[in-house]
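Only one structure is covered here, and it is reproduced in the block below.
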Ligand code: HEM
Ligand SMILES: *[C@@H]1O[C@H](CO)[C@@H](O)[C@H](O)[C@H]1NC(C)=O
Ligand SMILES: *[C@@H]1O[C@H](CO)[C@@H](O)[C@H](O)[C@H]1NC(C)=O
Ligand SMILES: *[C@@H]1O[C@H](CO)[C@@H](O)[C@H](O)[C@H]1NC(C)=O
Ligand SMILES: *[C@@H]1O[C@H](CO)[C@@H](O)[C@H](O)[C@H]1NC(C)=O
Ligand SMILES: *[C@@H]1O[C@H](CO)[C@@H](O)[C@H](O)[C@H]1NC(C)=O
């Protein structure tokens, strides 16, 4: 498929999914902050030049924001009176990128003060971060407003853990009206970025108290991982690539890895190695067609960004993403 046709398909999908949330719109800031995309891109390009994980960090924040009380910037709030920061929930401890959001916010406040929400910054910077390293582009819908509260217990229950079963993942994504195609397509974001030993080392030596490693890890890949995260080692600060083949590019090699039993997280490999699962055919489809993966990823990202946004006069536009005004 040519690039032009790809764009046409994405625009079509935007028109379909975009209409599911009539309040968000691609032109929301056309008169109030016309240069918003260039400003966000400027900071992302600058940051990416010194931190290859910039895009990976940001898209993960967007995901963790949207899965807790919708895409409302709640994840970005620090502890304060009446605010139990979501950053202290296990899924978010160690997450990076909050400083990048601050830099983008500062750049925007300089040009259009009080106009662009922190929730929209995450949505815009996610698309830019993916496209910057070879991934698809899509038209980002805008107009979200920022929450006045955080929900730490929601971050505990609603964000998937890397140790859970595919059925648990289906439940959590299903709660957000997302299906198997969304789970597989969005898991493809693990085509870039890193994970700490603590998120996958339970697979390496004594998986599920079996006395043996996870049998769905490729036997030639296993010693590599055991070397990175030795049993009983001091692995707290150690991390490795989520995509061992092309760690910093956004491509479909993540799915080839799964076919080779070289997924990093238990939840990655389960998509391909759960007998009888409908996710297997989807993994195979994306492994054989990057175009199909990109098209589906873009539409699932729009779906993700549409989860229960605050709009109209609800919430506020924060001037500092870490605090309510
Ligand atoms: C399907 C359920 C998912 C689970 C269980 C999961 C779990 C994880 C874990 C455990 C890490 C490593 C975190 C760390 O070491 O601190 C990680 C990293 C990451 N996740 Fe996911 N994730 C899931 C879905 C997603 C989705 C939907 C996206 C985005 C669309 C995403 C994007 C990322 C990225 C880009 C990184 C690397 C971040 C970095 O380098 O800082 N993940 N994920
Ligand atoms: C828009 O922002 C970019 C990046 O900051 C800047 O280079 C450009 O001059 C800006 N354009 C306008 C019309 O302000
Ligand atoms: C926020 O408060 C919790 C306790 O409620 C604490 O565990 C956590 O470390 C605090 N986070 C920061 C960044 O201060
Ligand atoms: C926090 O998240 C949980 C789980 O989604 C939800 O049931 C609860 O209503 C939320 N609480 C607030 C105050 O938004
Ligand atoms: C594996 O873990 C289980 C439960 O934690 C333990 O009883 C067993 O001895 C362990 N096996 C090995 C080989 O370490
Ligand atoms: C293990 O990985 C190698 C190299 O990527 C691959 O050729 C082989 O087919 C994989 N084995 C399995 C069982 O997937």
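Residue numbers (the numbering used here): 367 to 691. Built from N, CA and C at the ideal position, the CB exists for glycine as well. Fair warning: this is a prediction, and the values are worked out from it, not measured in the lab.
Pick helix, strand or coil for residue 381, following the three-state DSSP scheme. Translated into positions along the chain shown, residue 381 becomes position 15. For residue 381, the pLDDT reaches just 47, beneath the cut-off of 50, and the residue's location in the model is therefore unreliable, leaving the point undetermined.
Our contact map puts residue 518 next to residue 454 with C-beta atoms below 8 Å; I'd like the distance itself, whole angstroms only. As a first step, residue 518 must be located in the chain shown, where it is residue number 152. As a first step, residue 454 must be located in the chain shown, where it is residue number 88. Sure, about 6 Å apart at Cβ, within 8 Å.
I need the residues with a C-beta less than 5 Å from some heavy atom of ligand 5; please give them in chain order. Selection output, chain order preserved: 572, 575, 577.
Hey, quick one: how far does the beta strand (DSSP E) through residue 606 stretch, first residue to last? Sequence index remark: in the chain shown, residue 606 carries index 240 (1-based). That run of the beta strand (DSSP E) goes 605–607.
Leaving out five residues on either side along the sequence, give the residues of the same chain with a beta carbon under 6 Å from the beta carbon of residue 401. The count along the chain shown starts at 1 and reaches residue 401 at position 35. Once the five neighbours on either side are set aside, residue 401 has no close Cβ partner at all.
Residue 501 burial status per 10 Å Cβ neighbour count (16 or more: buried): Residue numbering aside, residue 501 sits at position 135 when the chain shown is read from its first letter. Answer is buried; the Cβ neighbour count reaches 16.
Is residue 686 close to ligand 6? I mean its beta-carbon at under 6 Å from any heavy atom of the ligand. In the chain shown, the residue the question calls residue 686 occupies position 320. It does not: the Cβ of residue 686 is nowhere closer than 6 Å to a heavy atom of ligand 6.
Whole angstroms are fine: how far does the CA of residue 397 sit from the CA of residue 492? As a first step, residue 492 must be located in the chain shown, where it is residue number 126. As a first step, residue 397 must be located in the chain shown, where it is residue number 31. Here the alpha carbons of residue 397 and residue 492 stand approximately 23 Å from one another.
Can you give me the C-alpha to C-alpha distance between residue 405 and residue 496, rounded to a whole angstrom? Looking up residue 405 in the chain shown gives position 39. Looking up residue 496 in the chain shown gives position 130. Approximately 16 Å, taken between the alpha carbons.
Distance, Cα to Cα, residue 456 vs residue 433? Along the chain shown, read from residue 1 onward, the residue named residue 456 stands at position 90. Along the chain shown, read from residue 1 onward, the residue named residue 433 stands at position 67. Rounded to the nearest angstrom, the two C-alpha atoms are 14 Å apart.
Between which two residues does the beta strand (DSSP E) carrying residue 562 extend? Along the chain shown, read from residue 1 onward, the residue named residue 562 stands at position 196. Counting along the chain, the beta strand (DSSP E) containing residue 562 begins and ends at 560–562.
Give the DSSP-derived three-state secondary structure of residue 664 in the structure shown. Here residue 664 refers to the residue found at position 298 of the chain shown. Three-state DSSP puts residue 664 in a helix.
Those residues which DSSP pairs with residue 449 across a bridge: Numbered from 1 along the chain shown, position 83 holds the residue referred to as residue 449. For residue 449, which the question treats as bridged, DSSP gives the partners 446.
Using DSSP bridges, identify the partner residues of residue 676. Residue numbering aside, residue 676 sits at position 310 when the chain shown is read from its first letter. Looking at the DSSP assignment, residue 676 forms a beta bridge with 511.
According to DSSP, simplified to helix, strand and coil, what is residue 628? Locating residue 628 in the chain shown gives position 262, where the first residue counts as 1. Coil, per DSSP.
Residue 530 by DSSP, collapsed to three states: which one? Position 164 of the chain shown holds residue 530. Coil at residue 530, not helix or strand.
For residue 391, which beta-bridge partners are listed by DSSP? Counting from 1 along the chain shown, the entry for residue 391 is found at position 25. Per DSSP, 508.
Per DSSP, residue 682 forms a beta bridge with which residues? The residue given as residue 682 occupies position 316 in the chain shown. DSSP lists 512 as partners of residue 682.
At 4 residues or longer, and completely inside the stretch 415–446: list those alpha helix (DSSP H) runs for me, N to C. 420–432
Consider the C-beta atom of residue 618 and the heavy atoms of ligand 6; say whether any pair is separated by less than 6 Å. For the purposes of this step, residue 618 is identified with residue 252 of the chain shown, where counting begins at 1. Every heavy atom of ligand 6 is 6 Å or more from the Cβ of residue 618, so no.
How big is the Cα-Cα spacing for residue 544 and residue 409? Taking the chain shown and counting its residues from 1, one reaches residue 544 at position 178. Taking the chain shown and counting its residues from 1, one reaches residue 409 at position 43. Distance between the alpha carbons of residue 544 and residue 409 is about 31 Å.
Closer than 7 Å to ligand 3: residues, by C-beta to nearest heavy atom, in chain order: Selection output, chain order preserved: 444, 445, 450, 451, 453, 454.
By the DSSP assignment, the alpha helix (DSSP H) with residue 648 in it spans what residues? Residue 648 sits at position 282 when you count from the first residue of the chain shown. First-last of the alpha helix (DSSP H) with residue 648: 645–654.
Could you check how far apart the C-beta atoms of residue 635 and residue 624 are, in whole angstroms? I think they sit under 8 Å. Start at 1 with the first residue of the chain shown, and residue 635 comes out as number 269. Start at 1 with the first residue of the chain shown, and residue 624 comes out as number 258. Rounded, the Cβ-Cβ distance is 6 Å, consistent with contact.
Return yes when at least one heavy atom of ligand 1 lies under 6 Å from the C-beta of residue 419, else no. Within the chain shown, the letter at position 53 stands for residue 419. Under cutoff, so the answer is yes.
In the DSSP assignment, find the unbroken alpha helix (DSSP H) run with residue 546 in it and report its ends. Taking the chain shown and counting its residues from 1, the one referred to as residue 546 is at position 180. Where residue 546 is concerned, the enclosing alpha helix (DSSP H) stretches over 546–553.
In chain order, what residues of the same chain have a beta carbon less than 7 Å from the beta carbon of residue 446, not counting five sequence neighbours either side? As a first step, residue 446 must be located in the chain shown, where it is residue number 80. Counting only Cβ-Cβ distances below 7 Å, and skipping sequence neighbours, we find 689.
With DSSP collapsed to three states, give me the class of residue 468. Numbered from its first residue, the chain shown carries residue 468 at position 102. Helix.
So which of 443, 395, 431 has the shortest CA-CA distance to residue 674? Position 308 of the chain shown, counting from 1, holds the residue named residue 674. Measuring from the Cα of residue 674, the nearest candidate turns out to be 431.
Can the beta-carbon of residue 562 be found less than 7 Å from the beta-carbon of residue 529? Numbered from its first residue, the chain shown carries residue 562 at position 196. Numbered from its first residue, the chain shown carries residue 529 at position 163. No Cβ-Cβ contact shorter than 7 Å links residue 562 with residue 529.
Let's test the definition: count the other Cβ atoms within 10 Å of the Cβ of residue 379 and tell me whether it reaches 16, buried, or not, exposed. Against the chain shown, residue 379 aligns to sequence position 13. Unreliable positioning characterises residue 379 in this predicted model, as indicated by a pLDDT of 47, which lies under 50. A coordinate reading is not provided.
Between the alpha carbons of residue 619 and residue 546, how many angstroms are there, rounded? As a working note, residue 619 is residue 253 in the chain shown. As a working note, residue 546 is residue 180 in the chain shown. Per the coordinates, the alpha-carbon of residue 619 lies some 19 Å from the alpha-carbon of residue 546.
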